[in-house]
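In the working numbering, the protein residues as written are 747 to 968.
Input: a single structure, listed below in structure tokens.
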Ligand SMILES: Cc1cc2nc3c(=O)[nH]c(=O)nc-3n(C[C@H](O)[C@H](O)[C@H](O)COP(=O)(O)OP(=O)(O)OC[C@H]3O[C@@H](n4cnc5c(N)ncnc54)[C@H](O)[C@@H]3O)c2cc1C
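Following this line, the structure appears as structure tokens:
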């Protein structure tokens with residue numbers, strides 16, 4: 747079996763290597779900043795590579811060998827492969843799969859570019875591994891969801907602009923059903939963030955309390 751890369755892939759590797767040599771001084775830690783670097787990587791297809799152009803990605807066809815080569819070359823050059831985080835790794839794929847067209851257009855681009863930071867509101871004091879025990883409630887009143895309850899272990903809630911949050915919206919359904927995925931602004935009235943200080947003294951996790959938080963009905967996903 748021949749495991750060597752074909753000429754096409756070797757040419758692609760040379761292209762990535764050339765890009766990194768030319769743009770090295772624009773990378774974070776080498777004189778550049780993370781947001782500008784991310785924009786440059788997306789424009790050149792080294793981040794958000796297969797996400798459609800109309801949603802702010804590069805729009806390439808999936809090619810696992812090219813993705814592998816990009817990862818290898820960025821690691822070899824010891825340069826940042828671009829932004830990650832919960833918005834990019836968890837929310838964007840969800841929206842691509844089940845988001846409405848408006849949600850895709852509103853959220854994917856700014857999230858990919860690092861302009862919109864997200865936190866993940868799943869875990870609760872009595873709903874960790876057993877996520878189906880989650881009790882945070884969302885009740886539809888007119889064209890708004892009214893949310894009450896508590897989340898815990900919410901990483902970066904104190905930095906995030908928006909949250910993607912699991913909320914029980916159908917209390918009479920079996921407990922593993924009747925849960926909805928809502929998106930809302932962390933500045934919405936009724937949200938209180940309390941830091942959790944860990945044994946290192948850092949406070950990257952939080953408890954997040956919701957008291958009559960009103961979320962427009964269309965901000966439900968799927
Ligand atoms: C670094 C970090 C960041 C996190 N960030 C977030 C975040 O941003 N947003 C968020 O929503 N959550 C976050 N979490 C929470 C995480 O994803 C889990 O939901 C949570 O840690 C598990 O719940 P718990 O801590 O209540 O533990 P439990 O679910 O109570 O589990 C406690 C122990 O019991 C065991 N156990 C549980 N159920 C069973 C069973 N049926 N049989 C046998 N053993 C069992 C578990 O393995 C574990 O050892 C984060 C966690 C970590 C560690």
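No residue lacks a Cβ here, since even glycine has one placed at the ideal position from N, Cα and C.
6 Å Cβ shell around residue i - same chain, five flanking residues per side excluded
i, result
"residue 820", "827"
"residue 850", "801, 841"
"residue 939", "903, 904, 952, 954"
"residue 823", "766"
Inter-residue CB distance, residue i and residue j (contact presumed, cutoff 8 Å)
i, j, result
"residue 844", "residue 893", "Contact doesn't hold; Cβ gap of about 20 Å is too wide."
"residue 897", "residue 838", "Rounded, the Cβ-Cβ distance is 21 Å, inconsistent with contact."
"residue 799", "residue 758", "Actually they do not touch by this definition, with Cβ atoms about 20 Å apart."
Selected residue, minimal CA-CA separation from residue i, among the options
i, options, result
"residue 729", "929, 875, 751, 901", "What the structure shows of the chain is the stretch from 747 to 968, and residue 729 is not part of that stretch, so it cannot be assessed."
"residue 956", "911, 879, 848", "911"
"residue 933", "889, 863, 758", "863"
"residue 818", "945, 965, 756", "756"
"residue 766", "747, 944, 791", "791"
"residue 807", "815, 795, 816", "795"
"residue 804", "789, 907, 920, 852", "789"
"residue 861", "877, 846, 905, 847", "905"
"residue 832", "768, 852, 903, 890", "903"
"residue 891", "866, 925, 919, 875", "925"
"residue 968", "749, 927, 747, 854", "927"
Chain-order list of residues whose beta-carbon lies under 8 Å from that of residue i (same chain, five-residue window excluded)
i, result
"residue 923", "916"
"residue 881", "870, 872, 873, 895, 914"
"residue 776", "770, 825"
"residue 785", "859"
"residue 848", "964"
"residue 879", "870, 872, 873, 921"
Same chain, Cβ closer than 7 Å to residue i, five either side skipped, listed in chain order
i, result
"residue 774", "780, 783, 826"
"residue 899", "869, 951"
"residue 816", "762, 792"
"residue 877", "868"
"residue 834", "857, 858"
"residue 908", "862, 864, 929, 930, 931, 932"
Evaluate contact between the stretch 901 to 920 and the stretch 872 to 892, counting only Cβ atoms and requiring at least three cross-stretch pairs below 8 Å. yes
Determine, using beta-carbon pairs with one atom in the stretch 759 to 776 and one in the stretch 841 to 860, whether at least three such pairs fall under 8 Å. no
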